[in-house]
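Following: one structure in structure tokens, then a few remarks.
There are 2 protein chains.
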Amino acid sequence: MVVNKLALSQATIKRIPVYYRTVKALQQSGVKRVRSDRLSKLVHIAPATIRRDFSNFGDLGRSGYGYSVDLLAEVFGELLEVHSEEQMLLVGCGNLGRALLTNNFRRNPDLSIVMGFDTDPSLIGTTIAGIPIYNLATLSEKIRPGMHTAIVCVPSSAQASVISQLEANGITAILTFAPKPVPAQPGTKIRYIDLTSELQALLFVDHQSKLVQEPKTPLKQS
Amino acid sequence: MVVNKLALSQATIKRIPVYYRTVKALQQSGVKRVRSDRLSKLVHIAPATIRRDFSNFGDLGRSGYGYSVDLLAEVFGELLEVHSEEQMLLVGCGNLGRALLTNNFRRNPDLSIVMGFDTDPSLIGTTIAGIPIYNLATLSEKIRPGMHTAIVCVPSSAQASVISQLEANGITAILTFAPKPVPAQPGTKIRYIDLTSELQALLFVDHQSKLVQEPKTPLKQS
DNA sequence: CTGAATATGTGAAATATTTAACAAATAGGC
DNA sequence: GCCTATTTGTTAAATATTTCACATATTCAG
């Protein structure tokens with residue numbers, strides 16, 4: 001096996017896709033080399049953090065030169081297994097599901113939603129953006145071997161049931177937009193995207209920062 | 001001013017909305033008290049972390065009893081300023097924008113998108129889910145005083161320009177789905193939601209965990 | 001009212017993550 | 001080829017966050 005298990009921190013793992021996207025963009029602009037401080041401005045991550053992250057993957061850089069963009073693209077592409085297309089399924093073809101099906105990660109040729117599932121009879125049998133929508137009850141018939149990944153856009157109330165169905169059918173990686181945590185089987189990785197929480201946390205810090213900046217009702221000019 | 005500036009960690013801030021949602025749900029089920037270990041199972045956060053988070057807001061709990069659900073709901077609601085409706089605008093009414101307009105945080109009566117902006121002539125002047133869509137060029141005319149928050153669903157290439165327009169019109173909190181970091185003015189808080197990165201990081205950890213679990217091609221049963 | 005049971009709040013330890021700072025290595029002009 | 005300017009990789013320090021463990025406070029049954 002080519003890839004060894006790396007002891008990467010969670011923080012580093014979350015940054016790998018960001019690095020990958022950025023060096024790919026540089027590569028496509030014809031840039032051949034990049035220094036950690038230049039990259040820092042592009043990704044908003046401190047140069048020292050970038051260098052430390054990169055050092056996990058061997059000595060990628062050269063003192064006094066920087067990093068080869070091509071090499072970085074290759075290394076991160078390998079880590080993310082960009083060489084093989086990940087065929088994913090999506091459950092819940094409401095507004096958000098439809099938006100994701102339509103968008104379908106077109107910028108990333110290695111990510112592709114290939115089928116959708118729903119329980120709404122008016123959707124079953126149709127296609128959205130060319131992707132067929134099946135009855136969720138027929139999941140086990142439609143799923144193809146080698147599919148490990150699902151995107152879940154169902155209401156919180158339906159989520160637990162949907163996720164256990166997915167697990168029963170060999171899905172091990174799930175991205176879900178319903179914020180209700182569910183007990184997952186040991187082998188299953190679930191990532192929750194909680195838009196309301198993100199927004200509320202943003203509003204909270206925005207308001208907090210205004211509390212400090214606000215002038216303390218000055219009685220006189222001075 | 002009632003609310004004092006609190007020195008909360010970023011980690012704690014991100015959890016406040018989760019706590020709020022959960023205690024609200026408990027409250028609506030008629031639950032009156034909750035212990036940190038019970039809450040832990042609901043939110044998937046360690047009991048000690050919950051207690052430490054809560055201790056930031058004063059002595060909310062009582063030994064041998066737990067926490068009053070009503071009190072928690074009140075405290076977190078106050079922190080998040082749920083009493084006043086946050087009127088937000090959305091820029092970019094493509095697939096994702098349309099999905100968010102249609103959904104419009106209905107579960108949260110205090111969050112509301114009240115207008116959309118786009119540059120596409122075929123959208124300008126229409127409504128989506130009852131929300132009017134205006135020409136982005138007329139932002140300064142349409143925006144209402146007291147609006148501080150925007151959701152951005154435009155392509156990465158348009159993002160920098162859109163964000164500086166928003167800043168020029170008094171927007172200080174921005175949630176965006178375009179992953180390209182932009183230089184923001186000091187007072188502006190920007191939160192990036194990067195779906196592709198989330199998905200790639202998820203796939204990465206899923207694959208990593210399989211590398212360990214995989215049996216090492218056993219030669220014989222034993 | 002008493003005492004056993006319970007569950008908080010927190011000091012201290014453990015863990016995770018970022019950042020500073022610099023020796024060592026390389027680049028590239030001359 | 002030499003020498004100076006760069007820029008890495010990394011050690012050590014700083015910061016951030018989580019978790020343990022338990023003294024203390026409160027509950028509630030009898």
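Residue numbers (UniProt numbering), protein chains in the order written: chain A, 1 to 222; chain B, 1 to 222. Just so it is clear, CB atoms sit at the ideal spot from N, CA and C, and this is done for glycine as well.
**OP:** Express the C-alpha separation of B:F105 and B:D70 in angstroms, rounding to a whole number.
**Re:** Their backbone Cα atoms lie some 23 angstroms apart in a straight line.
Original post:
Closest by CA to B:Q159, which one among B:T119, B:S197, B:I124?
Top reply: It is B:T119 whose Cα lies nearest to the Cα of B:Q159.
**OP:** Going by DSSP, name the residue or residues bridged to A:V152.
**Re:** Its beta-bridge partners are A:V91, A:T176.
Original post:
Among A:H207, A:S68, A:P181, A:S55, which residue has its Cα nearest to the Cα of A:G30?
Top reply: Considering only A:H207, A:S68, A:P181, A:S55, the residue with the shortest C-alpha distance to A:G30 is A:S68.
**OP:** Measure from the alpha carbon of A:D37 to the alpha carbon of each residue in A:S156, A:H207, A:G66, then state which is nearest.
**Re:** Ranking the options by Cα distance to A:D37, first place goes to A:G66.
**OP:** Identify the continuous beta strand (DSSP E) that holds A:R191 and give its terminal residues.
**Re:** Boundaries of the beta strand (DSSP E) harbouring A:R191: 189-192, taken from the DSSP string.
**OP:** Return the residue from the list B:D194, B:S55, B:M115, B:S84 that minimises the CA-CA distance to A:H207.
**Re:** Measuring C-alpha to C-alpha distances from A:H207 to each of B:D194, B:S55, B:M115, B:S84 identifies B:S84 as the nearest.
Original post:
Per DSSP, what kind of secondary structure is A:N103 in: helix, strand or coil?
Top reply: Note: A:N103 maps to helix in three-state DSSP.
Original post:
What are the boundary residues of the alpha helix (DSSP H) that A:G77 is part of?
Top reply: Counting along the chain, the alpha helix (DSSP H) containing A:G77 begins and ends at 69-79.
Original post:
Using a Cβ-Cβ distance under 8 angstroms, would B:T49 count as near chain A?
Top reply: Output row for B:T49: interface = no.
**OP:** Hey, could you find the ends of the beta strand (DSSP E) A:F117 is sitting in?
**Re:** The continuous beta strand (DSSP E) containing A:F117 extends over residues 111-118.
Original post:
Is there contact between the stretch 17-24 of chain B and the stretch 34-49 of chain B, where contact requires at least three CB pairs shorter than 8 angstroms?
Top reply: The answer is yes - the stretch 34-49 of chain B touches the stretch 17-24 of chain B, with three or more Cβ pairs under 8 angstroms.
**OP:** Indicate whether the contact test is met: 3 or more Cβ pairs, each with one atom in the stretch 185-197 of chain A and one in the stretch 121-131 of chain A, closer than 8 angstroms.
**Re:** With a cut-off of 8 angstroms, the stretch 121-131 of chain A and the stretch 185-197 of chain A do not count as touching, because too few Cβ pairs lie within range.
Original post:
Can a CB atom of chain B be found closer than 8 angstroms to the CB of A:I16?
Top reply: Contact with chain B is found for A:I16, since one of that chain's Cβ atoms lies less than 8 angstroms from the residue's Cβ.
**OP:** Please classify A:R98: is it buried, with 16 or more other beta-carbons within 10 angstroms of its beta-carbon, or exposed?
**Re:** Taking all protein chains shown into account, A:R98 has 16 or more neighbouring C-beta atoms within 10 Å of its C-beta and is therefore buried.
Original post:
Can a CB atom of chain B be found closer than 8 angstroms to the CB of A:N103?
Top reply: Yes, A:N103 counts as interfacial toward chain B.
**OP:** For the beta strand (DSSP E) containing A:P132, list its first residue and its last residue.
**Re:** For A:P132, the uninterrupted beta strand (DSSP E) run begins and ends at 131-135, by DSSP.
Subject >> Residues from the stretch 157-185 of chain A in contact with chain B, defined by Cβ distance under 7 angstroms >> reply: Per Cβ criterion, the list reads T172, A173, L175, P179, P181.
Subject >> Interface flag, A:V2 vs chain B, CB-CB below 8 angstroms >> reply: Note that A:V2 scores 46 on pLDDT, short of 50, meaning its location in the model is unreliable and no value can be drawn from it.
**OP:** Put B:G97 into one of helix, strand or coil per three-state DSSP.
**Re:** It is helical.
Original post:
Taking the Cβ atom as the reference point for each residue, do A:S197 and A:P179 lie within a distance shorter than 8 angstroms?
Top reply: Against a cut-off of 8 angstroms, the Cβ pair of A:P179 and A:S197 comes out as a contact.
Original post:
When the Cα atoms are used, what is the spatial distance from B:T102 to A:E141?
Top reply: Just so you know, the alpha carbons of B:T102 and A:E141 end up roughly 32 angstroms apart.
Original post:
Ordered along the chain, which non-local residues of its own chain (more than five positions away) have a Cβ less than 6 angstroms from that of residue 227 of chain B?
Top reply: Because chain B in this structure spans residues 1 to 222, residue 227 of chain B falls outside the shown range and cannot be described.
Original post:
Name the chain A residues that come within less than 8 angstroms of B:A201, Cβ to Cβ?
Top reply: Within chain A, the residues near B:A201 are I13, K14, I16, P17, R191.
Original post:
When burial is assigned at 16 or more other CB atoms within 10 Å of the CB, is B:A201 buried or exposed?
Top reply: Residue burial is scored here from C-beta neighbours: B:A201 has at least 16 other C-beta atoms within 10 angstroms and is therefore classed as buried.
**OP:** Keeping to the same chain, check which residues put their C-beta closer than 6 angstroms to that of A:T12; ignore five residues upstream and five downstream.
**Re:** In chain order, D53 place their CB closer than 6 angstroms to the CB of A:T12, counting only its own chain and leaving out the 5 sequence neighbours on each side.
Original post:
Below 8 angstroms, can you find three or more Cβ-Cβ pairs linking the stretch 75-83 of chain A to the stretch 164-175 of chain A?
Top reply: Because the criterion of three Cβ pairs below 8 angstroms is not met, the stretch 75-83 of chain A and the stretch 164-175 of chain A do not touch.
Subject >> Simplified DSSP state of A:V18, which is helix, strand or coil >> reply: In this structure, A:V18 counts as helix in the three-state DSSP scheme.
Subject >> Rounded C-alpha distance that separates B:L175 from A:P181 >> reply: Between the alpha carbons of B:L175 and A:P181 lies a distance of about 23 angstroms.
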